[in-house]
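Per my numbering, the sequence shown starts with residue 524, numbered consecutively.
Note that the Cβ used here is the ideal one computed from N, Cα and C, for glycine as well.
Have a look at the structure below before the remarks.
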Amino acid sequence: MGVYLFKRLLLALPTLLGASIIIFLLIHIAPGDPVRVMLGPMDDPALRARLIRQLGLDLPLHEQYLRWLGKVLQGDLSISVTIQRGSPVVELLAQRYAVTLELAFLSAIVALLIAVPAGITSALRQNRLSDHIARIVAMVGVSVPNFFLGIMLILIIGVSLHQPWATGGFVPLSESLSENLIRMFLPAIALGTAYSALVMRMLRSSMLDVMSQDYVRTARAMGIGWASIVRQDIVKNALIPVITVMGNSIGYLLGGSIVTETIFRLPGIGRLIIIGVDRRDYPVIQGVVLSIVLIRIVINLSVDVLYSVIDPRIRYGEGGE
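So this is what it looks like as structure tokens:
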């Protein structure tokens, strides 16, 4: 297992390098001028030239990239040039990721609370009324965009029922735990509902596949209780592909947070990248996207570790089996 993870870490390095090159090129090729944003109406030629030199924008593109990469390897993502001028990007990311990761965590909890019981019930009662209802609800959940659900929740609870907490805003955990959870409740529902539908469908399909295996029929023939078979064999083995889906869906949660945070006025990483693109803050955009790539790599490695925890039969040896 250790050898396998070490190999995966080595493979992650060229992935990060390639991602950094693509990010850098796309941002610098895109139209826009951060210096113009910084200067505003006072577009003095002398001041413009000085800022261009300070930011290194007068250097060839490959030199700009190598300079930025050198800082990244030292843990320095440079400083914000337009959003919070002079503030380290690392500090901005730390502040905003605290909000986004909390939203993603709560959304995942919402998804699991809905998906696991619904998926298990749907599989165990295949082609019955509860199964049909669960499948219809899952189809609707997948089809409804999270931004539409978020807007509907605000209109119904915030506007129609006159609940000010439902209209958005953020209260840090350090100030009030209860107020923080209240404010994060609707965003988590909006983001987690479609996610729960995806997980529920995968869990149902996986359980039906496991239930058709020979060892399940053998266990029943041996007189082992059905509840014990479901708990110890079916659900446990059915969770393996579900974990894969959840790990690969981290991009969905981070991507969905961009819209959800905007609708509910949450100061997370989603809003940060939107503001960064709007104000042409190159270091912030590069830092956000690179950090998301890194998170995806870490999540994928974590999924591999969870495989062997859930099913000890899975081992990663020299052959990657």
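Sort the options by Cα distance to residue i and report the nearest one.
i	options	result
I602	P557, N669, L829 and M769	P557
L704	F628, Q597 and I545	F628
G692	R794, L532, L592 and S814	R794
G715	K594, E625 and N650	E625
S814	L528, L534, K530 and L540	L540
Y620	S666, V807, V633 and L829	V807
P687	L700, S701, R706 and M675	R706
H585	Q618, I544, A572 and K594	I544
A720	T690, G681, V765 and D732	V765
D756	N771, R740 and M769	R740
A617	G791, I822 and N823	G791
L636	M730, F529, A717 and S699	A717
A689	I632, E698, S699 and M675	M675
Whole angstroms are fine: how far does the CA of residue j sit from the CA of residue i?
i	j	result
A641	V826	23 Å
S610	I796	15 Å
Q607	R803	12 Å
L678	I712	14 Å
L615	P710	22 Å
S735	H655	20 Å
T767	G779	19 Å
P568	G799	24 Å
R743	D737	10 Å
L570	P564	12 Å
A657	V758	18 Å
A634	D599	36 Å
L829	L696	29 Å
V550	V694	Before going on, a small fix: residue 550 reads as Ile here, not Val. C-alpha separation (whole angstroms): 33 Å.
I552	I546	10 Å
V667	G746	44 Å
L684	I786	18 Å
What does DSSP give as the partner residue(s) for residue i in the beta ladder?
i	result
I602	P611
I believe residue i touches residue j by the beta-carbon criterion, under 8 Å. Please report the beta-carbon distance rounded to the nearest angstrom.
i	j	result
R819	I773	6 Å
L789	V622	6 Å
G810	V612	4 Å
L776	S630	6 Å
L824	L528	6 Å
Once you ignore the five residues that flank residue i on each side, which residues in its own chain have a CB closer than 7 Å to its CB?
i	result
R727	G642, S645 and A646
T605	P557, V560, M561, R802, R803 and D804
A852	Missing from the structure shown is residue 852; the chain here goes from 524 to 844 and no further.
L592	S543
Grab me the residues of residue i's own chain with a C-beta within less than 6 Å of its C-beta, minus the 5 sequence neighbours each way, in chain order.
i	result
M723	A638, A641, G642 and A661
Got a sec? Which residues, its chain only, sit under 8 Å from residue i by beta carbon, not counting five neighbours each side?
i	result
T783	L626, N669, F670, G673, P710, A713, L714, L789 and G793
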